[in-house]
Structure formats: C-alpha cells, structure tokens
Amino acid sequence: MYKAEIDYISTASSKSDFSAQSIFNFWQITPAKDGNLIAIENNIRLHSSYNPVREATQFANQNDISQKKTVIFLGFGLGYSVNELSKIILENKDGIKTKKLILIEPDPIHFFAALYYLDWSSVFKIDQLIMAIGCPVNSLMALIENSSSINTGHDGVSAAFIAANQAFMNHSMEYFAQVQDLIARNKRKNEINAATYNKFARLWIKNSFSNLHHIKSLRKVQDLKKSFANKDFPFVLVAAGPSLQKIFPQLNELKKHAYIVCVETALRALLKEKIEPDFIILSDPQYWAYRHIAGLKSPSSILITEISVFPPAFRFECKEIVLSSSLFPIGEFFENKAGSFGSLGAGGSVATAAWNFCYEMGAKKIFTAGMDLSFPAKETHIKGSSGEQTMHSVSSRLTSVEKQSSSSIFGANAEYAFDYKNNCVQTDSRMKMFAWWFESRLSECTETKTFTLCSESMKIPGIEYSEEENEWLLSSAPELSESDRHFESAQEKYINFDADYSDFEKNLNNLSALINKAVELCLINSLDVEERLADVEREIGENPLLEIIKLARPSEKYLETHKTEPKELAVYTKLQEELNTYIHFMKKFHL
Numbered sequence: 012m013y014k015a016e017i018d019y020i021s022t023a024s025s026k027s028d029f030s031a032q033s034i035f036n037f038w039q040i041t042p043a044k045d046g047n048l049i050a051i052e053n054n055i056r057l058h059s060s061y062n063p064v065r066e067a068t069q070f071a072n073q074n075d076i077s078q079k080k081t082v083i084f085l086g087f088g089l090g091y092s093v094n095e096l097s098k099i100i101l102e103n104k105d106g107i108k109t110k111k112l113i114l115i116e117p118d119p120i121h122f123f124a125a126l127y128y129l130d131w132s133s134v135f136k137i138d139q140l141i142m143a144i145g146c147p148v149n150s151l152m153a154l155i156e157n158s159s160s161i162n163t164g165h166d167g168v169s170a171a172f173i174a175a176n177q178a179f180m181n182h183s184m185e186y187f188a189q190v191q192d193l194i195a196r197n198k199r200k201n202e203i204n205a206a207t208y209n210k211f212a213r214l215w216i217k218n219s220f221s222n223l224h225h226i227k228s229l230r231k232v233q234d235l236k237k238s239f240a241n242k243d244f245p246f247v248l249v250a251a252g253p254s255l256q257k258i259f260p261q262l263n264e265l266k267k268h269a270y271i272v273c274v275e276t277a278l279r280a281l282l283k284e285k286i287e288p289d290f291i292i293l294s295d296p297q298y299w300a301y302r303h304i305a306g307l308k309s310p311s312s313i314l315i316t317e318i319s320v321f322p323p324a325f326r327f328e329c330k331e332i333v334l335s336s337s338l339f340p341i342g343e344f345f346e347n348k349a350g351s352f353g354s355l356g357a358g359g360s361v362a363t364a365a366w367n368f369c370y371e372m373g374a375k376k377i378f379t380a381g382m383d384l385s386f387p388a389k390e391t392h393i394k395g396s397s398g399e400q401t402m403h404s405v406s407s408r409l410t411s412v413e414k415q416s417s418s419s420i421f422g423a424n425a426e427y428a429f430d431y432k433n434n435c436v437q438t439d440s441r442m443k444m445f446a447w448w449f450e451s452r453l454s455e456c457t458e459t460k461t462f463t464l465c466s467e468s469m470k471i472p473g474i475e476y477s478e479e480e481n482e483w484l485l486s487s488a489p490e491l492s493e494s495d496r497h498f499e500s501a502q503e504k505y506i507n508f509d510a511d512y513s514d515f516e517k518n519l520n521n522l523s524a525l526i527n528k529a530v531e532l533c534l535i536n537s538l539d540v541e542e543r544l545a546d547v548e549r550e551i552g553e554n555p556l557l558e559i560i561k562l563a564r565p566s567e568k569y570l571e572t573h574k575t576e577p578k579e580l581a582v583y584t585k586l587q588e589e590l591n592t593y594i595h596f597m598k599k600f601h602l
C-alpha cells in the first residue's frame with residue numbers, strides 16, 4: 012500500500028501540473044518571516060512563523076534533552092526539531108548524551124509529507140534511529156524499549172525525554188493519547204519492578220542457588236506442553252477473589268469439562284471443598300507465598316513453579332513438580348544452555364503466570380473464576396483461603412480481621428472501576444496495573460478467548476462475561492476422560508549440568524572482576540578513563556551473565572537519591588554490591 016503511494020508521488024512529481032498540496036492537503040504550506048516553510052493544519056500553526064529553525068535549535072539545546080540518552084518524538088510536523096537535534100548529535104558536542112532518536116507517527120502520509128518539504132539527511136545519519144511509522148499502539152513498547160545496553164537498567168524508555176508537542180499530535184489525538192498512556196503505565200511498571208528487585212533481590216539469589224540442583228531431575232513446562240498437543244479442552248483459572256464463593260457449587264461440574272489451574276492463594280479454599288486442581292501455580296519467591304501451600308497436599312495435582320521460590324516448596328506433596336522458566340539471571344543462564352523450560356512471563360501477579368500457562372498449553376478458551384482485581388462487596392479474599400485464615404490467626408483486640416481488611420482495601424491508593432454489570436467496585440492502583448498487564452497480554456493473543464465466570468469482577472478489556480459461554484462450559488462442552496488428564500511425556504534430560512555450572516562460576520567471577528575494575532577506574536583522575544571504561548563495558552557486554560547487570564543496574568530514581576561524581580561511580584558501586592551478593596551465595600550453596 013505505502014509503496015503504491017510513494018510510486019504515485021514519484022510519478023506525479025514528474026508532471027508539470029503536480030502540486031504537493033493536492034496530495035498533502037491536510038497541510039497549508041506557507042513561508043515564515045525568515046523564508047523557511049511552515050505548515051498549518053486545522054488552523055493550528057506547527058512551527059514558528061518567524062524563525063522555525065531557531066525555535067527548533069532552542070528546543071534541541073534544552074538541558075533536559077542533552078542529558079537523556081534517548082529522545083522520543085510523538086509526531087514532528089515538518090521535522091525541524093528532529094533535524095536540529097540530529098545535527099547536534101552528529102557534531103558530537105560536549106555535554107550532550109543523546110544518542111538515540113525514536114520517531115512515532117501513526118499516519119505514513121504525514122511522514123512522507125515531512126520528507127517532501129524538508130531535508131532529513133541529517134536524521135538518517137543517526138546510528139540509533141527508530142521510526143515507528145503506522146505502528147499499532149500495542150506494538151510500540153516492544154519496538155522502542157531498549158534492552159541491549161548496560162546503561163538502560165530498569166527504566167528503559169521511561170527514562171527518555173518525551174517530546175510531545177500538542178500541535179504535532181492534533182491530527183491523531185486518540186492515537187497519541189494511547190501512546191502517552193502506554194508510556195506512563197510502562198514507567199509505573201518499571202518503577203514497581205525496580206522497587207521489587209531492590210526489596211527481594213537477595214531472596215531471589217539465595218533461593219535460586221539453593222534450588223539449582225532441581226534442574227537436573229525435574230520435568231519442564233516445555234516437556235509438559237508436548238502432552239497437550241492433541242488435546243483441545245478449555246481451562247478454568249481459579250484465583251482467590253471473593254467472587255469465587257459463588258463458583259464453588261459448580262467447580263466439580265466444571266472439572267468434568269475443563270482443566271482447573273489454581274493460583275497458590277486459592278488452593279486451601281479448593282481443598283476445603285474437596286476439589287484438587289489439575290495444576291497449581293507458585294511463582295513468588297517469598298516465604299509468605301509458600302505459606303499458602305504449607306502443610307497441604309494435593310496428590311492428583313501438578314505444581315508448576317520455578318527455582319527462585321522458597322526452597323520448602325519442593326517438598327510439597329503432589330503428583331509432580333514441573334519447572335517453568337526463571338525470571339532471574341541464574342536460571343536463565345542454565346536455560347540458555349539446556350533449552351527453554353517454558354516461560355510463564357512476567358506480569359506482577361501469579362494470576363498472569365497462570366493465564367500464560369493455560370495459553371502455553373494451547374488453550375483456545377480460558378475461563379477465570381475469582382480473579383476480581385477489586386473488592387466486591389468490600390471483601391478481600393474468598394472465605395477459607397490462606398489469606399483469610401492468616402487474618403484470623405493473627406487477629407487480636409487491636410488488629411481485628413475487620414481492621415486488617417480495611418487496611419487491605421484502603422492501603423494501596425484506593426480507586427474505583429466497574430464490574431461486568433457496570434456496577435462501581437473499589438480497587439486500587441496496584442490491581443489496576445495487573446489489569447493493564449492482562450489487557451496488554453490479551454491484545455497480543457487474539458487466537459485465545461478469555462471469559463470470566465464472575466460478573467462481580469473488575470471489567471478488563473479483552474475478558475468477556477458471557478452467560479451463553481458459561482452455560483456451554485457447564486453443560487455442553489465435551490467431558491475429559493482419564494487419558495485426557497494423563498500428562499506423561501518424554502523428559503529432556505539435562506546432561507551437561509556440572510560442566511555448565513563450572514562455566515557459570517567462571518563467568519560470574521569474571522564479571523565481578525570487571526565491575527571491580529570499573530569502580531577503580533571511576534576513582535582515578537586520568538585523561539583516558541572514559542576510553543578505558545568503554546573497554547571494560549564492552550567486555551561486560553560480551554559476558555554470558557550480562558542479564559545480571561541489566562537487572563541489577565540502579566534505576567534513575569536511585570541515582571537521583573545517590574548523587575556522586577562521576578555518576579558512573581554510583582552505578583558501578585551498586586553493581587559491585589550486587590555481584591558480591593551473587594558470589595556469597597554461590598559459595599554458600601556450592602554444588
């Protein structure tokens with residue numbers, strides 16, 4: 012389509028009666044006072060009517076821009092600002108750190124018009140240039156989020172300068188509003204990830220080294236996936252929200268027609284109803300997550316977990332324990348050697364991991380139960396869940412169950428949303444973030460339909476409430492036989508584990524030595540320090556454990572509160588602390 016349009020422009024331009032205004036008729040092109048062209052769209056002037064180049068130069072020289080490595084343009088008009096910033100980058104001016112330009116424009120014809128009226132040669136000389144022209148909003152974050160640089164850290168595109176000139180965005184206001192919302196959500200997600208890492212990194216590292224030996228003996232999700240190749244049945248994802256109470260009478264019937272996938276918080280409530288799920292998902296490394304299954308047993312269930320969970324989880328009495336991919340660098344290193352374990356993704360909630368498991372097993376229809384992400388009727392948990400039981404066990408005159416429930420409801424930036432019957436329900440910013448993760452994921456997986464069995468749950472775009480589908484599941488869906496619940500398949504043996512572990516030790520020690528060297532370089536005053544640091548960073552980038560550095564690299568927020576000169580010293584000192592933690596636990600749990 013776009014090639015045809017370009018061909019038409021090329022052909023038309025050779026004709027004597029060609030007028031760009033007839034093709035790019037959304038703009039009125041007029042000269043500024045200094046003779047340069049400017050564009051007017053919908054009676055809005057896009058550039059200075061006196062001197063658009065000077066206006067763009069002043070923009071490009073802003074300190075906020077010069078100190079950011081990435082600049083994202085949401086629209087660009089004729090492109091004066093993009094061009095002037097490109098020239099400054101190419102001149103390698105001292106003090107400017109901008110290296111990467113990202114241009115976002117939903118309408119290709121607006122882009123072609125800018126190329127027609129203005130010389131963009133300097134822009135196309137930028138090495139790190141990304142042009143997202145005509146891209147769907149949901150594709151943008153994967154396209155522009157930088158994961159290739161050590162200096163990206165947790166913040167990624169969230170730490171970039173966002174050039175959002177309202178005049179450049181007016182022609183596609185809805186699109187750019189969605190992009191801005193997407194970037195804001197991604198920034199919030201990255202902040203949560205950074206805070207979570209800072210709080211739990213030591214626990215993840217300790218658990219992973221303690222559990223590493225299980226990789227040799229346990230099956231992986233990828234092995235399990237093979238046994239679903241010829242099975243086409245729906246899945247029911249059971250979470251521990253209050254609305255699950257209404258589904259209990261139907262669960263035994265539902266189990267006849269669907270595989271039951273239970274998040275660990277709901278297991279106690281299900282077992283109390285004499286229902287053993289087919290699969291239990293446990294992905295949180297905290298002790299309190301393990302407590303949800305502690306002391307329980309479910310002989311006919313398969314526990315899906317990963318090596319960073321609390322170690323006693325591997326003593327849970329069940330039919331089998333199956334490993335999924337780890338979200339952290341220790342497990343990732345061995346997975347890269349042995350082959351994919353089967354990723355359940357990262358969504359901040361065990362429910363997102365459970366949905367991803369259903370999807371990976373080939374589910375065409377997924378039904379959720381108790382996944383409220385809100386507080387219907389001001390309730391926090393399903394009765395009988397481990398969360399509710401914990402409240403009772405620690406309650407006292409000063410910390411009653413009611414007081415604890417109130418803290419849960421109002422303790423995380425209370426907000427409001429709507430359920431599937433358009434009733435107002437109370438939620439909070441954390442659960443809205445989980446809902447956004449689902450919304451984003453579902454938009455990528457359109458071949459799988461997701462429904463909720465509970466109309467009281469918070470409404471999530473992409474998840475439908477359909478009484479017809481719910482009735483089909485209960486009465487018309489084909490029943491599963493015993494063979495359909497037979498999940499045997501060949502296990503891919505991890506033959507070279509001992510050799511790979513030795514390789515891991517060597518790479519970790521090498522990485523630690525490089526970080527120590529970088530810290531030493533930051534402390535000396537020498538003309539060639541920057542060049543020598545670049546050499547060290549190049550070596551770090553070639554280390555197979557580079558993901559450790561990417562994950563541990565301090566966020567922009569951390570660096571703002573730990574200011575030091577040079578800034579690189581704060582970065583490498585923080586990385587040095589993290590590497591020392593890895594080495595400490597590697598020695599403690601040496602295999």
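Under our numbering, think of the first position of the sequence shown as 12, with each following residue one higher.
Even for Gly, the Cβ is constructed at its ideal location relative to N, Cα and C.
On a predicted model such as this, the values are computed, not experimentally measured, just so you know.
Taking Cβ to Cβ, would you say residue i is nearer than 9 Å to residue j?
i      : j      : result
Leu154 : Ile141 : yes
Phe321 : Ala300 : yes
Ile559 : Leu525 : no
Phe378 : Leu464 : yes
Leu491 : Lys267 : yes
Ile590 : Pro565 : According to the sequence provided, residue 590 is Leu. The question's Ile does not apply to it. Contact flag unset, no.
Ala563 : Tyr208 : yes
Leu101 : Leu48  : no
Ala250 : Met382 : yes
Phe172 : Thr81  : yes
Leu235 : Val333 : yes
Leu485 : Glu346 : no
Phe239 : Gly353 : no
Ala380 : Leu248 : yes
Leu570 : Lys578 : yes
Lys375 : Thr459 : yes
Among the options, which one has its Cα closest to the Cα of residue i?
i      : options                           : result
Phe187 : Ala212, Pro117 and Leu278         : Pro117
Pro147 : Phe70, Pro119, Asn481 and Ala124  : Pro119
Ile304 : Val333, Trp366, Glu284 and Ala280 : Ala280
Thr276 : Asp295, Lys285 and Glu479         : Asp295
Leu193 : Val274, Glu450, Ser537 and Asp511 : Glu450
Glu553 : Val530, Leu519, Lys585 and Glu567 : Leu519
Tyr476 : Ala43, Met184, Tyr431 and Glu328  : Tyr431
Ser523 : Ile271, Ser238, Pro387 and Ile594 : Ile594
Phe37  : Glu567, Arg230 and Ala124         : Ala124
Ala71  : Ala174, His497 and Ala324         : Ala174
Lys2   : Phe35, Asn54, His58 and Ile34     : As displayed, the chain neither begins before 12 nor continues past 602, which places residue 2 out of reach and without an answer.
Asn149 : Val190, Ser132 and Phe462         : Val190
Phe179 : Glu331, Glu426, Gly90 and Glu493  : Gly90
Thr438 : Phe122, Ser468 and Glu455         : Ser468
Lys528 : Asp546, Ser513 and Asp511         : Asp546
Phe325 : Gly356, Ile226 and Ser311         : Ile226
Lys330 : Ile313, Phe344 and Glu343         : Ile313
Ile471 : Tyr512, Met184, Thr363 and Leu229 : Thr363
Asn506 : Leu229, Glu480, Pro245 and Phe386 : Position check: residue 506 holds Ile in this sequence, whereas Asn was assumed. Closest option to Ile506, Cα to Cα, is Leu229.
Leu534 : Ser513, Tyr583, Asp514 and Ala510 : Tyr583
Residue i and residue j look like a contact to me (Cβ under 8 Å); what is the Cβ gap, rounded to whole Å?
i      : j      : result
Ile318 : Asn201 : So it is not a contact: roughly 24 Å between Cβ atoms.
Val436 : Phe429 : 7 Å
Val232 : Ile315 : 7 Å
Glu52  : Asn181 : 7 Å
Ile40  : Phe84  : So it is not a contact: roughly 21 Å between Cβ atoms.
Cys273 : Pro253 : At roughly 16 Å, the Cβ-Cβ gap does not stay under 8 Å, so Cys273 and Pro253 are not in contact.
By DSSP's criteria, residue i is part of a beta bridge. Which residues make up the other side?
i      : result
Ala269 : For Ala269, which the question treats as bridged, DSSP gives no partner whatsoever.
Ser309 : Cys329
Gln39  : Ile51
Glu426 : Thr438
Ile115 : Leu85 and Ala143
Thr461 : Ile377 and Ile474
Met469 : Asp430
Val247 : Ile271 and Phe378
Val291 : First, the residue type needs correcting, since residue 291 is Ile and not Val in the sequence shown. Per DSSP, Cys273 and Leu314.
Ala174 : Phe84
Arg496 : None, per the DSSP bridge assignment.
Arg230 : Val333
Is it true that the segment 47-64 meets the segment 90-101, where meeting means three or more beta-carbon pairs spaced less than 8 Å apart?
yes
On the three-pair Cβ rule with 8 Å, is the segment 193-201 touching the segment 102-122?
no
At least 3 beta-carbon pairs within less than 8 Å: the segment 213-232 vs the segment 328-339:
yes
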